[in-house]
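Here's the structure we're looking at; comments come further down.
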Amino acid sequence: VDGALILALETSCDETSAAVIRDGKHILSNVVASQIDVHEAFGGVVPEIASRKHVETITLIMEQAIKESGYSLRDMSAIAVTQGPGLVGALLVGIIAAKSLALALDIPLIGTHHIAGHIYANELVHEMVYPSMALVVSGGHTELVRMESEGQFTVVGRTRDDAVGEAYDKVARALKLPYPGGPHIDRLAAEAAEAIPLPRAWLESDSYDFSFSGLKSAVLAVINQARMKGEHLDEAALARGFQESVIEVLVEKAIRAVKASNARSLLLCGGVAANRGLRSALSDRCQAEGVPLLVPPSSLCTDNAAMIGAAAYLKLKRGEWTELDMKADPGFSL
Ligand code: KG4
Ligand code: ZN
11 VDGALILALE
21 TSCDETSAAV
31 IRDGKHILSN
41 VVASQIDVHE
51 AFGGVVPEIA
61 SRKHVETITL
71 IMEQAIKESG
81 YSLRDMSAIA
91 VTQGPGLVGA
101 LLVGIIAAKS
111 LALALDIPLI
121 GTHHIAGHIY
131 ANELVHEMVY
141 PSMALVVSGG
151 HTELVRMESE
161 GQFTVVGRTR
171 DDAVGEAYDK
181 VARALKLPYP
191 GGPHIDRLAA
201 EAAEAIPLPR
211 AWLESDSYDF
221 SFSGLKSAVL
231 AVINQARMKG
241 EHLDEAALAR
251 GFQESVIEVL
261 VEKAIRAVKA
271 SNARSLLLCG
281 GVAANRGLRS
291 ALSDRCQAEG
301 VPLLVPPSSL
311 CTDNAAMIGA
321 AAYLKLKRGE
331 WTELDMKADP
341 GFSL
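According to the UniProt record's numbering, the stretch in the sequence shown is residues 11 to 344, in order.
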């Protein structure tokens, strides 16, 4: 697999993305077309529209990724694609394109787990060491994943209700901020002079699980109360209170999980890893605890195909090809 060129596709949600990766490390191109503008009016991703948009753009995005890489389609060693989890209709678009290419070019197809992609985004910028703990925080997932060695995942904790990004988006929506709301809450929180105190959901003392729906309800209650009484609402202070509650629980549980499993490093990944408050709080805490923290640059935290290529490269190296009759798996487990 020396010098392997992987063309990777990612269409699991509302980003159509294609990338070319050399040797699992070098990003030759990583084209991301966001559908945010078409979903914004609905305040969230509309599955049917997502599938249709992927169909419209996938060929163009693929061509652009190939062109920017400086290679041609015939030079590719393998085709990687997100197999799940995600929206089934959206996943299918990438999968059909990937299967057609693998068949026509007679090269391996590598079906990849979306979360493995988020985790291995770190491989594009860091040397990963094992055992390791990953805190995966995105619009669809909130998980603590232990990796005993490369490709060996054990989910030790997960959200019991909303994903972190989902909670961010719902709170933002209640504050009438545009979709996706995470970056807006992040910005508001940074501007706030103070924080409105909100509850933290620790759950059972030995649990690595998360819960964000109670916090979200508490935020909505503050908003509704202010509106009913016609009082001014300090939205920045509310955003900061919400963000502080989220961050405190995420950081505490992640550090506890690292220590309990003797992990040699903590990885932060997924769309919410772009959050400046979370990055800096986790970085401070890891420094204090002597835990190495690996975080990809923000552009590799949100959905993109380069991370899928990075994860697929490790499977290619192990000879783990995927059958051409593989199916989209919306509930794919790690
Ligand atoms: O990983 P991702 O691109 O897609 C999924 O696989 O879900 O994550 C998208 C999520 C959205 O909920 C978005 O609001 C959140 O990541 N997000 C953020 C920030 N940037 C993106 N949340 C908080 N702060 C940010 N700066
Ligand atoms: Zn994602």
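We put the CB at the ideal spot given by N, CA and C, even for glycine.
Predicted, not measured: the structure shown is a model, and the values here were computed from it.
Can you tell me which residues fall inside 5 angstroms of ligand 1, judged by beta-carbon distance to its nearest heavy atom, and keep chain order? Ser-148, Gly-149, Gly-150, Gly-175, Tyr-178, Asp-179, Pro-190, Gly-192, Pro-193, Asp-196, Gly-280, Gly-281, Val-282, Ala-284, Asn-285, Thr-312 and Asp-313
Cα-Cα separation between Met-317 and Lys-77, rounded to whole angstroms: 19 angstroms
Ignore the nearest five residues each way along the sequence and tell me which others in Lys-109's own chain have a CB closer than 7 angstroms to its CB. Taken in chain order, the residues that qualify are Leu-119 and Leu-334.
If you reduce the DSSP assignment to three classes, tell me which class Phe-252 lands in. helix
Just the Cα atoms here: how many angstroms apart are Glu-58 and Pro-209? 36 angstroms
Any non-hydrogen atom of ligand 2 closer than 7 angstroms to His-124 Cβ: yes
Compare the Cα-Cα distances from Ala-177 to each of Asp-216, Arg-84, Gly-224 and Arg-289 and report the closest residue. Gly-224
Looking at the strands, I want to know which residues DSSP matches up with Ala-167. Per the sequence presented here, residue 167 reads as Gly, with Ala not at that position. Looking at the DSSP assignment, Gly-167 forms a beta bridge with Leu-154.
May I have the straight-line CA-CA distance separating Leu-15 from Ala-43, to the nearest angstrom? 22 angstroms
For Ser-290 and Glu-20, the rounded distance between their alpha carbons: Just so you know, the alpha carbons of Glu-20 and Ser-290 end up roughly 29 angstroms apart.
Counting only the same chain and skipping the five closest in sequence on each side, list residues whose C-beta sits under 7 angstroms from that of Gly-80. Leu-38.
Is His-136 near ligand 2 - that is, is its Cβ less than 7 angstroms away from at least one heavy atom of it? For His-136, the Cβ stays outside the 7 angstroms cut-off from all heavy atoms of ligand 2.
Would Glu-25 pass as an interface residue toward chain C - the criterion being a Cβ-Cβ separation below 8 angstroms? Protein chain content of the structure displayed is limited to a single chain, and chain C is not contained in it.
Should Ala-199 be labelled buried (16 or more other beta-carbon atoms within 10 Å of its own) or exposed? Buried, since its Cβ has 16 or more Cβ neighbours within 10 Å.
Can you tell me whether Ser-110 is helix, strand or coil according to DSSP? helix
Residue range of the alpha helix (DSSP H) that includes Asn-314: Segment: none, Asn-314 is in no alpha helix (DSSP H) and carries neither H nor E.
Excluding the 5 residues flanking Asp-219 on each side, which residues of the same chain have their C-beta closer than 8 angstroms to its C-beta? Apart from the 5 residues on each side of it in sequence, Asp-219 sits with its Cβ closer than 8 angstroms to the Cβ of Gly-167, Arg-168, Thr-169, Arg-170 and Leu-213 in its chain, given in chain order.
Between which two residues does the beta strand (DSSP E) harbouring residue 386 extend? For the chain, the structure presents residues 11 to 344; residue 386 sits outside this window and is missing.
His-36 beta carbon near ligand 3 (any heavy atom closer than 7 angstroms): The model on display carries ligand 1 and ligand 2 but not ligand 3.
Name the DSSP beta bridge partners of Met-143, please? Arg-156 and Leu-276
Verify whether the separation of the beta carbon atoms of Ala-246 and Ala-90 is less than 8 angstroms. no
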